[in-house]
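First up is the structure itself, then whatever we jot down about it.
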Amino acid sequence: MNSFKPGLEGVVAFQTEIAEPDREGGALRYRGVDIEELVGEVPYEKVWGLLVDENLEPGMPDPEAYEPVSLTGNAPADLQAETARLSAVWGLKKLVDIARLSAQMMSIVAKSAAVHDGRQPAPDDVVAQGQTAAEKFLLRWRGEADPKQVQAIDTYWICTAEHGLNASTFTARITASTGADCGAAMSAAVGALSGPLHGGAPARVLPMLNEVASTGDPESYVRDLLSRHGRIMGFGHRVYRAEDPRSRVLKRTAKELGSPRIEVAEALEEAALAALRELKPDYVIATNVEFYSAVVLDVAEVPPDLTPAMFACARVAGWAAHILEEMRTGRLIRPSAQYIGPTSRSLSAV
Ligand code: ACO
Numbered sequence: 472m473n474s475f476k477p478g479l480e481g482v483v484a485f486q487t488e489i490a491e492p493d494r495e496g497g498a499l500r501y502r503g504v505d506i507e508e509l510v511g512e513v514p515y516e517k518v519w520g521l522l523v524d525e526n527l528e529p530g531m532p533d534p535e536a537y538e539p540v541s542l543t544g545n546a547p548a549d550l551q552a553e554t555a556r557l558s559a560v561w562g563l564k565k566l567v568d569i570a571r572l573s574a575q576m577m578s579i580v581a582k583s584a585a586v587h588d589g590r591q592p593a594p595d596d597v598v599a600q601g602q603t604a605a606e607k608f609l610l611r612w613r614g615e616a617d618p619k620q621v622q623a624i625d626t627y628w629i630c631t632a633e634h635g636l637n638a639s640t641f642t643a644r645i646t647a648s649t650g651a652d653c654g655a656a657m658s659a660a661v662g663a664l665s666g667p668l669h670g671g672a673p674a675r676v677l678p679m680l681n682e683v684a685s686t687g688d689p690e691s692y693v694r695d696l697l698s699r700h701g702r703i704m705g706f707g708h709r710v711y712r713a714e715d716p717r718s719r720v721l722k723r724t725a726k727e728l729g730s731p732r733i734e735v736a737e738a739l740e741e742a743a744l745a746a747l748r749e750l751k752p753d754y755v756i757a758t759n760v761e762f763y764s765a766v767v768l769d770v771a772e773v774p775p776d777l778t779p780a781m782f783a784c785a786r787v788a789g790w791a792a793h794i795l796e797e798m799r800t801g802r803l804i805r806p807s808a809q810y811i812g813p814t815s816r817s818l819s820a821v
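Heads up, the sequence shown is in my numbering, so the first residue is 472 and it goes up one at a time.
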C-alpha cells in the first residue's frame, strides 16, 4: 500500500490538459497560453472559452433571465445554495448546461453583492449596456461601471480563473466523477472555496497595508510580526518556490490603474522579502497572488468580505473546465484510508 501523505501533498491524482502551476513559477499557462498574453488582450469570458472549450469563441454566454429565490447578501452562501437549486429548476443534465450555469453563477454573485450593499440589483436593460462580463457584473451590482474598475476585475478574474488541482477544483472533480450534474459539482466547489484557507486571503492584506501606511515604517512592522511568529499575508506558497507569476501581472495592473496603495505595497513587499530571506535563507518565500490581488480589488472598491465571492466568480472557469474533463476521462474517485482505530472489540467495551 502507498504511504500516507497528510493533505495529499505531492500526490498526483489526475492528468490534466487544462493547467498546472510549476514550482519555479516562471509562468502560468491556460491550455498552453501564458496569462501575460491574455490579460488586456481578451476579456475574462473569452478566457472561460479557452479553458472550458479550448476556444476563445464563443466564450461564456450572457446570463439568461433568472430570479434567485432569496438572497442573504452573503455571496458564497447565496452562490452555493442557488447553484444547487438550479440543478432542479433547470433540470440540469450531466454534461450539458455548464455554459449557462457559469454565466448565471456570476450574475448571482453580482445580485448578492447588491443585497450586501443594501441595494436592489440593477434591471436587465441597465446590465445589457455593458460590453464585457466584468462590465455587466459591475452594472448588475452597482448600476454603474467605471472603466478602471472593469479593468481591475477583468484582470483579477483572468489571473485567478484556473490554478490546477486546488481544494475546490478537486471537490468539483470528485463530485463530477460520481456522475452528478454540473450544478451539484459547482455548488460543492463553492462550499470548498468558502473556507478561510482557500478563498479570500486578500481580505487580510489590506489591514497590513493600512497599518504600514499609518506608521510609514514597513521594516518595523515586518520585524515585529515575525518576532511574534506571525505570518506576513500574501507571501509564501505551497507550490511556488519563486514569485507567483500572477503577482507580477497584478502588480503591473495596480500601477497602470494608479492605485493609491501601490507605494506602500511596494515598500512593504521589499521589507517583507528581505526579512523572509533572512529568516529562511534556505526556503524561498516569495510574493503570492493574494498580495497584489488585494491592491487590484481595492481599485474596484470590492469590500474585503466580498473577496471570496470574487474569487469564486473567477474560478467558475477552472471548475467548469475540470468538471468537463472529469466527465470525459474520469473514473469514480474513491481513494483509500489507512485504518488506525481500535482493533476488533465487543459492543460491551464501548
Ligand atoms: N510569513 C512568515 N513566515 C512564513 C510565511 C509567511 N508568509 N510563509 C511561510 N513561512 C514560514 C513558516 O512559518 C514556516 O516556518 P517554520 O518552519 O519555522 O515553522 C516555514 O516558512 C514553512 O511554512 P509552511 O507553512 O510549511 O510552508 P508552505 O510553503 O506550505 O506555506 C502558505 C504556504 C500556507 C501559503 C504560507 O506561506 C502562509 O501561511 N502564507 C501566508 C498566508 C497567505 O499568504 N495565504 C495565501 C496563500 S496563496 C493562495 O492560497 C491562493
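Every residue, glycine too, gets a C-beta built ideally from N, C-alpha and C. These numbers were taken from a predicted model, which means no experiment stands behind them.
Going straight from the alpha carbon of residue i to that of residue j, what length do you get?
{"i": "residue 801", "j": "residue 636", "result": "14 Å"}
{"i": "residue 519", "j": "residue 684", "result": "37 Å"}
{"i": "residue 592", "j": "residue 659", "result": "25 Å"}
{"i": "residue 734", "j": "residue 496", "result": "25 Å"}
{"i": "residue 545", "j": "residue 583", "result": "7 Å"}
{"i": "residue 539", "j": "residue 767", "result": "29 Å"}
{"i": "residue 669", "j": "residue 819", "result": "43 Å"}
{"i": "residue 638", "j": "residue 745", "result": "31 Å"}
{"i": "residue 761", "j": "residue 616", "result": "24 Å"}
{"i": "residue 678", "j": "residue 787", "result": "28 Å"}
{"i": "residue 640", "j": "residue 687", "result": "40 Å"}
{"i": "residue 645", "j": "residue 797", "result": "8 Å"}
{"i": "residue 508", "j": "residue 815", "result": "60 Å"}
{"i": "residue 652", "j": "residue 560", "result": "13 Å"}
{"i": "residue 738", "j": "residue 482", "result": "37 Å"}
{"i": "residue 756", "j": "residue 718", "result": "13 Å"}
{"i": "residue 606", "j": "residue 811", "result": "53 Å"}
{"i": "residue 457", "j": "residue 478", "result": "What is shown of the chain runs 472 to 821, which leaves residue 457 out entirely."}
{"i": "residue 826", "j": "residue 581", "result": "No answer is possible for residue 826: the residues shown for the chain start at 472 and end at 821."}
{"i": "residue 550", "j": "residue 661", "result": "7 Å"}
{"i": "residue 557", "j": "residue 657", "result": "11 Å"}
{"i": "residue 611", "j": "residue 806", "result": "42 Å"}
Does DSSP put residue i in a helix, in a strand, or in coil?
{"i": "residue 501", "result": "strand"}
{"i": "residue 724", "result": "helix"}
{"i": "residue 475", "result": "coil"}
{"i": "residue 692", "result": "helix"}
{"i": "residue 744", "result": "helix"}
{"i": "residue 533", "result": "coil"}
{"i": "residue 794", "result": "helix"}
{"i": "residue 767", "result": "helix"}
{"i": "residue 485", "result": "coil"}
{"i": "residue 613", "result": "helix"}
{"i": "residue 821", "result": "coil"}
{"i": "residue 811", "result": "coil"}
{"i": "residue 680", "result": "helix"}
{"i": "residue 685", "result": "helix"}
{"i": "residue 751", "result": "coil"}
{"i": "residue 590", "result": "coil"}
{"i": "residue 527", "result": "coil"}
{"i": "residue 520", "result": "helix"}
{"i": "residue 804", "result": "coil"}
{"i": "residue 618", "result": "helix"}
{"i": "residue 539", "result": "coil"}
{"i": "residue 664", "result": "helix"}
{"i": "residue 553", "result": "helix"}
{"i": "residue 673", "result": "helix"}
{"i": "residue 603", "result": "coil"}
Run through the DSSP bridge pairs and tell me what residue i is partnered with.
{"i": "residue 706", "result": "758"}
Touch check for the stretch 570 to 583 and the stretch 529 to 543: three-plus C-beta pairs under 8 Å? Flag = yes, the stretch 570 to 583 and the stretch 529 to 543 touch.
Taking 8 Å as the threshold, find out whether the stretch 773 to 780 comes into contact with the stretch 582 to 592 through three or more Cβ pairs. Taking 8 Å as the limit for Cβ pairs, the verdict is that the stretch 582 to 592 does touch the stretch 773 to 780.
Is the stretch 509 to 516 close to the stretch 625 to 633, with three or more CB pairs under 8 Å? Output reads yes: the stretch 625 to 633 touches the stretch 509 to 516.
For the stretch 555 to 588, which segments carrying the alpha helix (DSSP H) assignment without a break, of at least 4 residues, lie completely within its bounds, in sequence order? List check, alpha helix (DSSP H) in window: 569 to 587.
Whether or not the stretch 673 to 688 and the stretch 595 to 602 are in contact is what I'm after, with contact meaning three or more pairs of Cβ atoms, one per stretch, closer than 8 Å; do they touch? Taking 8 Å as the limit for Cβ pairs, the verdict is that the stretch 673 to 688 does not touch the stretch 595 to 602.
I want to know whether the stretch 615 to 624 touches the stretch 721 to 738 - three or more CB-CB distances under 8 Å. Taking 8 Å as the limit for Cβ pairs, the verdict is that the stretch 721 to 738 does touch the stretch 615 to 624.
Touching or not, the stretch 484 to 491 and the stretch 788 to 798, by the rule of three or more beta carbon pairs under 8 Å? In the pairwise beta carbon analysis, the stretch 484 to 491 is classified as touching the stretch 788 to 798: at least three pairs are separated by under 8 Å.
Does the count of Cβ pairs from the stretch 745 to 755 and the stretch 696 to 710 closer than 8 Å reach three? Three or more pairs of CB atoms, one per stretch, sit closer than 8 Å, so the stretch 745 to 755 contacts the stretch 696 to 710.
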